[in-house]
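Worksheet: the structure to be examined is printed underneath.
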Amino acid sequence: MLIRNKHAVIKSDKYLDAVVEHCPRLTNVIVENYRISTSALRLLFQLPIESFECLSVITCKVTAPYLKKIRVAYIEPFIGCKLLEDISVNKIITSISSGFPHGLFPNLKELEVLYLTDVICPHITKIRVRDNQLHLLAGLNLKKLIIDETTYGPMPAWTILTQFKLKELVTWYFDNNLIKDMPLERLTICENSTVTPDITVKHSTLKHLELTRRCVIELDTPNLYHLSLNQCEFRTRVPDSVRILHVDTAMICPYINCNLHTLYITTFVTPSLLEQLPQTLRYLTITPMEHAYFDNFPYLPNLCLLTIFDQFTLTEKTLIDIARMPITNLYLDTASITDSNIHHLAAMPLNYLSIQIANITVEGVKKIKHLPLRYLVLPPIPTHHFLQM
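Here it is as structure tokens:
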């Protein structure tokens, strides 16, 4: 169970009564990976819950007078929650379709359906369909559409996309002409089963773009803020507007712009890659494709978070380079940190430190005990050694 501010992630009924007693202002709840009991639900909704997510089946009727947003498998248990404004369900059952939604939920603003059935509710704003079902969506006022690829049935009616004013689109097929008049803010172009084509994306309102297994020729996206490239061949420059960049095994090094504040990169780590890291970076996460050897690290004056996943080797010089930066969150999966060099971290302004495979003992821990830490992950060290500190 995780509780933070007014939010809670619940993984069992255990201690739920204590949560209800001691967290009277809890408003947002996610029930994760278990089937919550009827008694636990009734106890939980004694609190002023406004947002509730539970993808396991709920069989009892729910009375939740404050509930405004839900993500659930089926809507039936929540009939009677009149304040609901945002509903996400797996499917709409035929038995309730006649009064759904405004006869049952007069304040409804957003309705997401994850699986298309025979019931096509005209108030659906978000939906997931197979590409050969697109013709069934005519007349809907959609804001979000997810399209899955099929290899059977009629040819997809792609031109129907021009009827929608989508803000979010997830698709395997892409044509600029289909989206040019949409107020699109988020676009995800997935891998498809055919030959991967070259792609040019042109859109003036696009803020978030994710691409998988594409050859990117041009990006004409002046307002793009977040770019994610998964196994892409990249032949253009990252737009200057991009501030957050995710790169997974894409050839990107020559095209990184100098305005990024966040970079997540999974690739082969080379000296040239490190040399081209923008000075503006505040958050950097590196996952080497193979065991990496860091013998130097550039000085990034604004860096406050550094994460390097998977096992790698760094020299004492590199550790000194890292220690010079104003990093407050440091996560290093390396055995190169030892009792003899950990003292280089002692002068850093660290609040969060994770060195769980470091080769240190309690003697090394003593050298960093004055750090202003709020979170610390260490390798296994016998408890009685700490008692002797």
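Residue 309 in the working numbering sits at position 178 of the sequence shown, with consecutive numbering throughout.
Glycine is no exception: its CB is placed at the ideal position from the N, C-alpha and C atoms.
All values derive from a computational prediction rather than experimental measurement.
Given a cut-off of 8 angstroms, decide if residue j and residue i are closer than it, judged by their beta-carbon atoms.
i       : j       : result
Thr-336 : Glu-349 : no
Asn-221 : Leu-198 : no
Leu-268 : Val-260 : yes
Leu-502 : Leu-481 : yes
Leu-174 : Leu-147 : yes
Asn-433 : Arg-413 : yes
Thr-352 : Pro-370 : yes
His-320 : Phe-305 : Reading off the sequence shown, one finds Ile at residue 320, where the question assumed His. Against a cut-off of 8 angstroms, the Cβ pair of Phe-305 and Ile-320 comes out as a contact.
Leu-391 : Leu-376 : yes
Leu-445 : Ser-471 : no
Ala-139 : Val-151 : no
Val-188 : Arg-166 : yes
Hey, is residue i close to the ligand GTP, as in C-beta under 7 angstroms from one of its heavy atoms?
i       : result
Asp-441 : For the ligand GTP, the structure offers nothing, since it holds no ligand at all.
Helix, strand or coil for residue i per DSSP?
i       : result
Lys-145 : coil
Ile-348 : strand
Phe-209 : helix
Pro-513 : coil
Arg-156 : coil
Ala-171 : helix
Ala-204 : coil
Lys-311 : coil
Ser-403 : helix
Val-151 : helix
Glu-241 : strand
Thr-190 : coil
Ile-451 : helix
Thr-469 : strand
Thr-411 : coil
Thr-416 : strand
Ile-291 : helix
Leu-445 : strand
His-475 : helix
Leu-268 : helix
Ser-226 : Residue placement at Ser-226 cannot be trusted, given a pLDDT of 49 that sits under 50; what the coordinates show is reported in the next sentence. Helix, per DSSP.
Starting from residue i, follow its DSSP beta bridges and name the residues at the other end.
i       : result
Arg-259 : Ile-277
Gly-319 : Sequence check: residue 319 is Thr here, not Gly. Val-301 and Glu-341.
Val-496 : BP columns for Val-496 are empty, so no partner.
Asp-306 : BP columns for Asp-306 are empty, so no partner.
Asn-460 : Leu-436 and Tyr-483
Leu-376 : Leu-358 and Leu-394
Ile-138 : According to the sequence as given, residue 138 is His; it is not Ile. Paired residue(s): Arg-135 and Asn-159.
Lys-333 : Asp-351
Val-508 : Ser-485
Tyr-283 : Its beta-bridge partners do not exist; DSSP assigns none.
Asp-217 : Lys-200 and Glu-241
Phe-425 : Leu-445
Cys-185 : Val-162 and Val-203
Thr-490 : Checking the displayed sequence, the identity of residue 490 turns out to be Asn instead of Thr. Asn-490 is bridged to Thr-469.
Hey, residue i and residue j are a contact pair by Cβ (cut 8 angstroms); roughly how many whole angstroms apart?
i       : j       : result
His-339 : Glu-322 : Their Cβ separation, rounded to whole angstroms, is 18 angstroms, which puts His-339 and Glu-322 out of contact at 8 angstroms.
Phe-443 : Thr-411 : Not a contact, Cβ separation roughly 24 angstroms.
Thr-418 : Phe-399 : With a Cβ gap of about 11 angstroms, Thr-418 and Phe-399 do not count as contacting.
Leu-360 : Asp-379 : 7 angstroms
Ala-288 : His-254 : Between His-254 and Ala-288 the Cβ distance is about 22 angstroms, and since that is not below 8 angstroms, they are no contact.
Pro-314 : Lys-298 : 6 angstroms
Thr-158 : Glu-181 : 5 angstroms
Tyr-395 : Ser-372 : Not quite, the Cβ-Cβ distance comes to about 18 angstroms (not below 8 angstroms), so this is no contact.
Thr-302 : Lys-275 : About 12 angstroms; that fails the 8 angstroms criterion.
For residue i, decide whether its Cβ has a neighbour in chain C, counting only Cβ atoms nearer than 8 angstroms.
i       : result
Cys-346 : You won't find chain C in this structure, because it holds only one protein chain.
Have a look at the options and flag the residue whose alpha-carbon is nearest the alpha-carbon of residue i.
i       : options                               : result
Cys-154 : Leu-178, Lys-145, Pro-457 and Pro-287 : Leu-178
Arg-374 : Phe-399, Ser-403 and Leu-415          : Leu-415
Glu-243 : Ile-161, Tyr-205 and Glu-152          : Tyr-205
Phe-176 : Phe-209, Ile-468 and Leu-133          : Phe-209
Gln-294 : Asp-312, Tyr-304, Met-286 and Glu-341 : Asp-312
Phe-236 : Ile-218, Phe-183, Val-193 and Phe-365 : Ile-218
Leu-450 : Glu-494, Pro-409, Ala-489 and Leu-394 : Ala-489
Thr-343 : Glu-207, Glu-299, Ile-473 and Glu-364 : Glu-364
Asp-452 : Ser-467, Phe-428 and Tyr-462          : Phe-428
Gln-487 : Pro-409, Leu-507 and Arg-345          : Leu-507
Lys-145 : Arg-135, His-138, Ala-171 and Ile-278 : Ala-171
Pro-328 : Glu-341, Val-347 and Val-150          : Val-347
Asp-426 : Leu-436, Cys-435 and Pro-402          : Pro-402
Lys-200 : Thr-190, Leu-215, Lys-137 and Leu-461 : Leu-215
Gln-264 : Thr-446, Thr-169, Tyr-395 and Glu-280 : Glu-280
His-541 : Leu-273, Ile-499, Thr-459 and Ile-491 : Only positions 132 to 520 of the chain appear in this structure, which leaves residue 541 out of reach.
Val-493 : Lys-213, Ile-512 and Arg-345          : Ile-512
Arg-156 : Asn-136, Cys-212, Lys-192 and Thr-256 : Asn-136
Arg-345 : Val-203, Gly-284 and Arg-366          : Arg-366
Gly-211 : Ile-223, Val-193, Arg-202 and Val-203 : Val-193
Val-160 : Thr-190, Cys-191 and Ala-195          : Ala-195
Leu-461 : Glu-421, Leu-300, Lys-275 and Leu-484 : Leu-484
Cys-252 : Ala-478, Asp-262 and Leu-273          : Leu-273
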